[in-house]
Structure formats: structure tokens, C-alpha cells
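J.: In the numbering used here, the protein residues as written are 223 to 301.
Here a beta-carbon is modelled for each residue, glycine too, at the ideal position from N, C-alpha and C.
Spelled out as C-alpha cells, the structure:
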């Protein structure tokens, strides 16, 4: 791992107050959830052909009707 990457990781550890494996687990869980959400939103934009607030360029009858809360189960074992 490059020095710059290690430095950024150390900053994140300090910023989020990561002190033990439980903290690491919670951080990775939140990071995973946010990453999955961003990927889903990107795929939806790609499929529909326009971004969330860009109705002017809408060229399809398919639309965004909001979304409901979903639960994604991910098994992640500690190192």
C-alpha cells in the first residue's frame, strides 16, 4: 500500500474514532451500505437514461417513483 493511501486510512481511523474491531466492523458495514447505495443509484441512472433530478432530458416513459427501504444481508467475517 502506498504511503498516501496509508496516510488517508490513518486520517479516517482518527476521524471516525476507530479503536477496536467492533468499531472497524461498524465502519466497514456503513461503508459497504453507502457503496451499494451509490452503485444502485448509478445503475438506475444508466438504465433510465437520466439522473434523479434531471427530468428535462427524460426520453422514456419509465420514471423514478421514489423507493422504499430495503435490507441487504451481507455476511462479512472478521479478519
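Tell me the rounded alpha-carbon separation between residue 314 and residue 239.
T.: Outside the displayed span of the chain (223 to 301) sits residue 314, for which this structure offers no information.
J.: Can you find a C-beta in chain E that's less than 9 Å from the C-beta of residue 263?
T.: The structure shown has no chain E; it contains just one protein chain.
J.: Helix, strand or coil, according to DSSP, for residue 228 in the structure here?
T.: Taking the first residue of the chain shown as 1, we reach residue 228 at position 6. In this structure, residue 228 counts as helix in the three-state DSSP scheme.
J.: Tell me whether the beta-carbon of residue 251 lies closer than 9 Å to the beta-carbon of residue 263.
T.: Your numbering for residue 251 matches position 29 in the chain shown. Your numbering for residue 263 matches position 41 in the chain shown. Result no, Cβ atoms of residue 251 and residue 263 do not sit closer than 9 Å.
J.: Sorted by chain position, which residues of the same chain lie with C-beta nearer than 7 Å to residue 293's C-beta, five sequence neighbours on each side aside?
T.: For the purposes of this step, residue 293 is taken as residue 71 along the chain shown, with counting starting at 1. Nothing listed; no residue qualifies.
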